[in-house]
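Contents: one structure, followed by commentary.
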Amino acid sequence: MDQSLSITLVTETYPPEINGVAMTLQRLAEGLCARGHRVQLVRPRRAGESSTVSEQGCPTVVQQRGMRIPLYPDLRLGFPARRRLLKLWRQQRPDVLYIATEGPLGWSALRAAEVLDIPVISGFHTRFDQYAGQYGLGLLTSVVERYLRNFHRRSRCTLAPTEALCHDLSTRGYGPTAVLPRGVDTQRFSPQRRSPGLRQHWGVSERDLALICVGRVAPEKGINQVLEAWRAIAADRPGTRLILVGDGPLARGLESAEPRPLLAGSRTGVDLAEHYASADLFLFPSRSETFGNVTLEAMASSLPVVAYDYAAAKLHIDHGTSGILVPFDAPGDFVTAARRAAGDLLRLGSMGRQARRHVETLDWSGVLNRFETLLRRHVVVAEGC
Numbered sequence: 012m013d014q015s016l017s018i019t020l021v022t023e024t025y026p027p028e029i030n031g032v033a034m035t036l037q038r039l040a041e042g043l044c045a046r047g048h049r050v051q052l053v054r055p056r057r058a059g060e061s062s063t064v065s066e067q068g069c070p071t072v073v074q075q076r077g078m079r080i081p082l083y084p085d086l087r088l089g090f091p092a093r094r095r096l097l098k099l100w101r102q103q104r105p106d107v108l109y110i111a112t113e114g115p116l117g118w119s120a121l122r123a124a125e126v127l128d129i130p131v132i133s134g135f136h137t138r139f140d141q142y143a144g145q146y147g148l149g150l151l152t153s154v155v156e157r158y159l160r161n162f163h164r165r166s167r168c169t170l171a172p173t174e175a176l177c178h179d180l181s182t183r184g185y186g187p188t189a190v191l192p193r194g195v196d197t198q199r200f201s202p203q204r205r206s207p208g209l210r211q212h213w214g215v216s217e218r219d220l221a222l223i224c225v226g227r228v229a230p231e232k233g234i235n236q237v238l239e240a241w242r243a244i245a246a247d248r249p250g251t252r253l254i255l256v257g258d259g260p261l262a263r264g265l266e267s268a269e270p271r272p273l274l275a276g277s278r279t280g281v282d283l284a285e286h287y288a289s290a291d292l293f294l295f296p297s298r299s300e301t302f303g304n305v306t307l308e309a310m311a312s313s314l315p316v317v318a319y320d321y322a323a324a325k326l327h328i329d330h331g332t333s334g335i336l337v338p339f340d341a342p343g344d345f346v347t348a349a350r351r352a353a354g355d356l357l358r359l360g361s362m363g364r365q366a367r368r369h370v371e372t373l374d375w376s377g378v379l380n381r382f383e384t385l386l387r388r389h390v391v392v393a394e395g396c
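For the sequence shown, this note's numbering gives the first residue as 12, with consecutive numbering after it.
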């Protein structure tokens with residue numbers, strides 16, 4: 012039997028915050044704990060939290076002061092904590108660190124680990140290098156790129172969710188990379204969650220079409236294309252509704268839009284699963300994902316997806332059979348593809364069933380096996396992936 016490890020996970024986001032990084036880190040932390048490892052979680056302290064260290068249960072939690080992130084008010088950026096982490100890890104040394112975010116807290120953890128010669132694996136979860144342009148800060152793109160490259164080159168290995176992204180990072184000088192895929196909870200996300208009552212609340216009959224998009228209501232998620240596709244589909248099928256699940260900087264402006272989408276706000280757990288399963292078509296025009304966990308959640312719910320041909324969609328959607336893929340370099344084709352898909356209800360049902368069949372084996376146990384193997388490798392190997 013393999014010996015248990017002392018593992019520290021460093022992240023600037025964690026549930027109850029709602030995003031793909033937080034969800035993934037929770038799955039990894041809880042999975043490692045269930046396998047008998049000693050897991051420490053280092054994250055920013057949330058508003059209202061007083062304790063800075065919790066030694067109860069697994070994972071144990073170390074909280075660091077932080078600040079709200081501009082344009083992301085529900086998230087916090089951890090303040091630098093190098094001295095504190097040095098003291099903490101000299102007293103109780105981890106076998107290995109996994110740093111999931113590249114903010115000041117992650118940088119502090121990286122520097123402290125270098126001093127103590129603790130192996131570090133980093134995760135590439137968010138395309139911050141692409142976000143600058145979405146917010147009118149294109150001049151900062153090269154600065155962000157250099158920072159991220161320097162950060163990840165100082166770790167022994169950078170984990171990314173797809174082979175394509177690993178190759179991209181390697182060719183751009185990020186150092187050694189390895190794939191850490193993603194899973195989906197097919198018991199939570201299931202077509203059995205479909206709710207006639209929820210559809211009635213939306214004002215959608217079984218003969219009408221419910222379009223849905225789940226994620227931040229923000230420029231980088233392609234919300235304008237979602238709205239454009241909805242208007243085109245509604246022109247063909249009056250009574251079509253658009254449900255936006257999530258919050259973000261564009262949400263307030265949509266409250267007075269005409270026509271007005273249904274703004275469902277943030278949803279979690281079974282409530283979120285019911286929203287997926289009660290819709291008929293998932294629109295996902297984001298072109299800035301490292302993976303896109305929502306793609307798998309939609310597919311598990313028997314919900315056909317229209318998405319660009321990269322990341323999770325490229326890996327898991329069979330074009331025309333289990334969903335619709337739009338060429339990544341042809342953003343003008345997204346609305347046309349969505350409109351064409353929405354015009355054939357029988358085909359939507361067939362694609363949804365095929366999508367569910369495809370993801371039924373993509374549980375998190377295989378992801379945890381891979382993560383555990385990579386962590387163990389770097390406890391005993393000096394460098395590389």
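Note that the Cβ used here is the ideal one computed from N, Cα and C, for glycine as well.
DSSP lists Q75 as the beta-bridge partner residues of P55.
Going by C-alpha positions, T306 is about 7 Å away from A323. Fewer than three pairs of CB atoms, one per stretch, sit closer than 8 Å, so the segment 187-205 makes no contact with the segment 256-268.
For D106, the closest of V195, Q51, R138, G31 by C-alpha to C-alpha distance is Q51.
Comparing alpha-carbon positions, the option among D355, A45, A124, R54 lying closest to Y25 turns out to be R54. For A229, no alpha helix (DSSP H) segment is defined, and its DSSP state is neither H nor E.
By the C-beta density criterion, H48 is buried, having at least 16 other C-beta atoms within 10 angstroms.
The three-state secondary structure of H330, taken from DSSP, is strand.
Note on geometry: alpha-carbon atoms of G59 and E113 lie some 24 Å from one another. By the CB criterion at 7 Å, R193 and F339 fall outside the cutoff. Residue S133 holds the alpha-carbon nearest to the alpha-carbon of T188 among R227, Q103, S133, W118.
For the 7 Å CB-CB criterion, G250 and D219 form a contact.
When C-beta atoms of the segment 331-349 are compared with those of the segment 158-177, fewer than three pairs fall below 8 Å, so the two segments do not count as touching. The C-alpha of A240 lies about 49 Å from the C-alpha of E125. DSSP, read as helix, strand or coil, puts R138 in coil.
Taking all protein chains shown into account, P315 has 16 or more neighbouring C-beta atoms within 10 Å of its C-beta and is therefore buried. By DSSP's assignment, T169 forms a beta bridge with S133, T188. DSSP places A268 outside any alpha helix (DSSP H), giving it a letter other than H or E.
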